[in-house]
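Engineer:
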Amino acid sequence: MGSNPVKNTYLDQVVAQQAALEDDLRTRKPAAVGAPAPSAPGAPPQPRSPLAKRSARVGPSAQGQGTGPVEVRVTGFWRWRTVLVPPNAFVVHTRRGRAEPLHIGLGVSFRYPATDSYLVVPGAMQTILINAYCICRELQGVLVQGYVQWIIEDFGTAYRKLDFSDADDPMRLVNIQLREQAEAAIKDKVSTMGVRDVLSDKQPIIEELTARLRAVAEGSGDEQTGGGDRGLGLRIVTVQIKEAVVSSSTLWENLQKPYRTEQTQVARLAELTAQEAISAREAAAQRAGEERRIENERELAQLRDRNEAARFDRETAERMRRTTREHDDQRAVAELAQQTALHTVRLEREQHAEQLENLRLRQELRRMEVDGELALATARQRAEHEGELLVVQRERERVATANAQNDANIQATLVANLPEIVAKLPAPAELRSYQIGGDLSGLATVVAQLNGVIDAWSARRAAGDAPVD
């Protein structure tokens with residue numbers, strides 16, 4: 001009997017993916033309006049001119065709406081037509097006989113005669129979903145799922161190097177090519193990693209994939225010197241790995257078994273530990289409960305004894321307090337009576353002492369009055385005596401002064417009082433002149449002359465010649 005060969009599922013899957021890729025890489029071009037269909041289903045499509053492509057994309061009307069993914073409007077007719085491009089779409093406008101485009105950029109609208117051609121590509125960010133069936137280092141199948149987001153950075157380079165000719169989806173072929181690049185990079189990286197590394201750490205895959213895609217899309221080298229590669233004019237925005245799944249369910253279960261078994265063991269041990277702890281806690285709780293019951297009974301007995309002793313002490317203390325209170329009250333009454341008697345005697349004594357003090361004060365006041373009168377009389381007599389002595393003394397001094405005066409003192413006194421004497425003299429009724437001869441330099445001569453004048457004036461006053469002041 002011959003043995004049945006084992007079917008290689010992975011090989012069949014790779015062959016199917018290769019066929020699908022070849023079909024996807026073929027440019028899908030819709031038939032022009034009014035063009036005949038191909039003669040046979042397997043016949044290759046006939047080439048079309050750029051005008052036919054544009055007519056198929058724009059439509060038969062000279063003014064209308066584009067049917068592709070980018071809404072392009074064409075207005076006017078014949079050579080006065082204008083192509084209106086949305087602001088979020090890239091466009092390149094070429095003309096027959098020109099080596100360089102007339103217009104290229106984002107959202108550029110332009111006039112469109114019949115001899116021109118243009119290409120419109122979406123400018124939004126594109127997202128590529130990746131499902132890479134890989135073989136790891138242990139020769140096990142692993143499905144890695146991720147996505148790549150990219151955007152057109154240099155459309156002048158991109159439209160020359162990339163194929164945007166698909167009328168239904170201009171980005172389809174570019175996305176397929178980038179997806180194949182990404183799957184190849186993921187497969188290369190996963191082939192050097194173990195199953196557990198792929199499942200636990202996806203960062204090496206992300207770094208490898210990002211480096212390769214940026215090298216292809218963005219290029220490398222020094223662009224300013226002109227010696228570098230500018231790439232495809234694209235920019236890789238982000239690269240992420242969402243999931244990594246083992247293709248074999250048996251291998252997946254086997255990978256999970258050690259952890260599951262370990263967790264089951266940990267759970268069982270935890271359960272046994274919990275049961276043991278619960279049993280120990282229950283025994284301890286029972287013992288503690290019994291100990292608490294015995295302790296409560298002992299505490300209750302001690303509390304009863306303390307209460308009885310406290311009641312006896314309280315009653316004894318109350319009787320002692322009452323007896324002591326009665327004796328204290330009697331002692332207090334006796335002390336109050338004694339204090340009252342003593343206070344009465346002290347008040348009487350203080351009253352007698354106050355009366356004696358008042359009598360003594362009256363006598364003292366009377367004696368002070370008598371002493372004052374005597375002192376006043378004595379002072380008056382002493383004052384009169386001293387006044388008489390002063391009069392006698394003054395007279396004695398006057399006499400002594402008069403006796404002690406000589407001619408010089410009298411003349412000096414007269415000279416000092418002369419202005420006052422002259423001021424009191426009456427106004428003369430007549431003027432008489434006296435010639436005084438001799439030497440007037442001496443003071444005695446002047447005084448003698450003044451005495452003569454005063455004597456003459458006194459004689460005149462006595463005779464009644466002048467009025468008396």
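In the UniProt record's numbering, the protein residues as written are 1 to 469.
Beta carbons are placed, not taken as given, at the ideal position from N, Cα and C, and that holds for glycine.
1) Rounding to the nearest angstrom, what Cα-Cα distance links R196 and E100 in this structure?
2) So if DSSP puts R235 in a beta bridge, which residue, or which two residues, is it bridged to?
3) Just how far apart, CA to CA, sit V108 and P170?
4) Okay, do the stretch 265-283 and the stretch 188-195 touch, 3+ Cβ pairs below 8 Å being the bar?
5) From E388 to Q363, what does the alpha carbon distance come to, in whole angstroms?
6) Smallest Cα separation from T250: which of I176, L234, E183, G141?
7) Any idea what DSSP makes of V85, helix, strand or coil?
8) Where R235 and I151 are concerned, what is the direct C-alpha to C-alpha distance, given to the nearest angstrom?
9) Roughly how many angstroms lie between the CA atoms of I410 and A456, to the nearest whole one?
10) Work out the CA separation of A317 and A341 for me, nearest whole Å.
11) Can you have a look at K257 and say buried or exposed, based on whether 16 or more other CB atoms are within 10 angstroms of its CB?
12) Does L143 pass the burial test, meaning 16 or more other C-beta atoms within 10 Å, or should it be called exposed?
13) Within this structure, are the beta carbons of Y118 and V91 separated by less than 7 Å?
14) Tell me L119's beta-bridge partners as DSSP assigns them.
15) State the DSSP-derived secondary structure class of Q126, mapped to helix, strand or coil.
16) For Y133, would you say it is in contact with chain D, using Cβ-to-Cβ distances shorter than 7 Å as the test?
17) Any idea if E315 is buried or exposed, counting beta-carbon neighbours within 10 angstroms, 16 or more meaning buried?
18) Under 7 Å between the Cβ atoms of I130 and G146?
19) Could you tell me the boundaries of the alpha helix (DSSP H) in which R179 lies?
20) Count the other CB atoms, across all protein chains shown, that sit within 10 Å of the CB of L347; report buried if there are 16 or more and exposed otherwise.
21) To which residues of the same chain is V415 closer than 6 Å at the C-beta, ignoring the five residues directly before and after it?
22) Nearest CA to the CA of A167: which residue from E153, V83, P122?
23) Starting from L199, trace the alpha helix (DSSP H) both ways and give me its first and last residue.
24) Within the continuous beta strand (DSSP E) that includes V74, where are the two ends?
25) By the 10 Å Cβ neighbour count, where 16 or more other Cβ atoms means buried, how is F77 classified, buried or exposed?
26) By the three-class DSSP mapping on this structure, what secondary structure does L106 have?
27) In angstroms, rounded to a whole number, what distance separates the CA positions of residue 487 and V370?
28) Kindly indicate the opening and closing residues of the alpha helix (DSSP H) around Q140.
29) Could you have a look at V415 and say whether DSSP puts it in helix, strand or coil?
30) Give the DSSP-derived three-state secondary structure of Y112 in the structure shown.
31) Leaving out five residues on either side along the sequence, give the residues of the same chain with a beta carbon under 7 Å from the beta carbon of Q46.
32) When the Cα atoms are used, what is the spatial distance from C136 to D154?
33) What does DSSP give as the partner residue(s) for residue 529 in the beta ladder?
34) Could you give the distance in angstroms between the alpha-carbon of A353 and the alpha-carbon of D313?
35) Roughly how many angstroms separate the alpha carbons of L213 and A267, rounded to a whole number?
36) Where does E218 fall in DSSP's three states?
Structural biologist: For this structure:
1) As a working mapping, residue 196 is identified with position 196 in the sequence shown. As a working mapping, residue 100 is identified with position 100 in the sequence shown. Computed Cα separation, rounded: 54 Å.
2) By 1-based counting over the sequence shown, the position of residue 235 is 235. For R235, which the question treats as bridged, DSSP gives the partners I151.
3) As a position in the sequence shown, residue 108 is number 108, starting the count at 1. As a position in the sequence shown, residue 170 is number 170, starting the count at 1. Using only the alpha carbons, I get a separation of about 18 Å.
4) No, because fewer than three Cβ pairs between the stretch 265-283 and the stretch 188-195 fall closer than 8 Å, the two stretches do not touch.
5) Numbered from its first residue, the sequence shown carries residue 388 at position 388. Numbered from its first residue, the sequence shown carries residue 363 at position 363. Roughly 37 Å separates the two Cα atoms.
6) The sequence position of residue 250 within the sequence shown is 250, counting from 1. Per the C-alpha coordinates, the member of I176, L234, E183, G141 positioned closest to T250 is G141.
7) Walking along the sequence shown from the start, residue 85 turns up at place 85. In the structure shown, V85 falls within a coil segment according to DSSP collapsed to helix, strand and coil.
8) Taking the sequence shown and counting its residues from 1, the one referred to as residue 235 is at position 235. Taking the sequence shown and counting its residues from 1, the one referred to as residue 151 is at position 151. Each residue's Cα considered, the two are about 5 Å apart.
9) For the purposes of this step, residue 410 is taken as residue 410 along the sequence shown, with counting starting at 1. For the purposes of this step, residue 456 is taken as residue 456 along the sequence shown, with counting starting at 1. Cα to Cα, the separation comes out at about 19 Å.
10) For the purposes of this step, residue 341 is identified with residue 341 of the sequence shown, where counting begins at 1. For the purposes of this step, residue 317 is identified with residue 317 of the sequence shown, where counting begins at 1. Whole-angstrom Cα-Cα distance: 35 Å.
11) As a working mapping, residue 257 is identified with position 257 in the sequence shown. By the 10 Å Cβ count, K257 comes out exposed.
12) Numbered from its first residue, the sequence shown carries residue 143 at position 143. Residue environment analysis places L143 among the exposed positions, since fewer than 16 neighbouring C-beta atoms fall within 10 angstroms of its C-beta.
13) Here the question's residue 118 lines up with position 118 in the sequence shown. Here the question's residue 91 lines up with position 91 in the sequence shown. Their beta carbons are under 7 Å apart, which means Y118 touches V91 by this criterion.
14) The residue given as residue 119 occupies position 119 in the sequence shown. According to DSSP, which records beta bridges pairwise, L119 is partnered with V92.
15) Position 126 of the sequence shown, counted from the start, is the residue given in the question as residue 126. Here Q126 sits in strand by DSSP.
16) Absent from the structure is chain D; it holds one protein chain and no more.
17) The residue given as residue 315 occupies position 315 in the sequence shown. E315 counts as exposed, since fewer than 16 other beta carbons sit within 10 angstroms of its beta carbon.
18) For the purposes of this step, residue 130 is identified with residue 130 of the sequence shown, where counting begins at 1. For the purposes of this step, residue 146 is identified with residue 146 of the sequence shown, where counting begins at 1. When the beta-carbon positions are compared, I130 and G146 come within less than 7 Å of each other.
19) Reading the sequence shown from its first residue, position 179 is the one you call residue 179. Here the alpha helix (DSSP H) through R179 covers 172-190.
20) In the sequence shown, the residue the question calls residue 347 occupies position 347. It counts as exposed.
21) Translated into positions along the sequence shown, residue 415 becomes position 415. Same-chain partners within the cutoff: there are none.
22) On the sequence shown, residue 167 is found 167 positions in, with the first residue counted as 1. When each option's Cα is compared against that of A167, the closest is P122.
23) Locating residue 199 in the sequence shown gives position 199, where the first residue counts as 1. Residues 195-200.
24) Residue 74 sits at position 74 when you count from the first residue of the sequence shown. Residue range 73-75 is occupied by the beta strand (DSSP E) that includes V74.
25) Locating residue 77 in the sequence shown gives position 77, where the first residue counts as 1. So F77 counts as exposed.
26) For the purposes of this step, residue 106 is identified with residue 106 of the sequence shown, where counting begins at 1. In the structure shown, the three-state DSSP call for L106 is strand.
27) Lying before the first or after the last residue shown, residue 487 is absent from the chain, which here runs from 1 to 469.
28) Here residue 140 corresponds to residue number 140 of the sequence shown, with the count starting at 1. Run containing Q140: none; DSSP gives neither H nor E here.
29) Your numbering for residue 415 matches position 415 in the sequence shown. In the structure shown, V415 falls within a helical segment according to DSSP collapsed to helix, strand and coil.
30) Within the sequence shown, numbered from 1, the residue matching residue 112 stands at position 112. Here Y112 sits in coil by DSSP.
31) Position 46 of the sequence shown, counted from the start, is the residue given in the question as residue 46. Low per-residue confidence applies at Q46: pLDDT is 44, beneath 50, and the placement is therefore not dependable, though the value from the model is reported in the following sentence. Taken in chain order, the list of residues that qualify is empty.
32) On the sequence shown, residue 136 is found 136 positions in, with the first residue counted as 1. On the sequence shown, residue 154 is found 154 positions in, with the first residue counted as 1. Distance from the CA of C136 to the CA of D154, rounded to the nearest whole angstrom, comes to 37 Å.
33) Absent from the model: residue 529. The displayed extent of the chain is 1 to 469, so no value can be given.
34) Indexing the sequence shown from 1 puts residue 353 at position 353. Indexing the sequence shown from 1 puts residue 313 at position 313. When the Cα atoms are used, A353 and D313 turn out to be separated by approximately 57 Å.
35) The count along the sequence shown starts at 1 and reaches residue 213 at position 213. The count along the sequence shown starts at 1 and reaches residue 267 at position 267. L213 and A267: Cα-Cα distance of roughly 47 Å.
36) Position 218 of the sequence shown holds residue 218. Coil, per DSSP.
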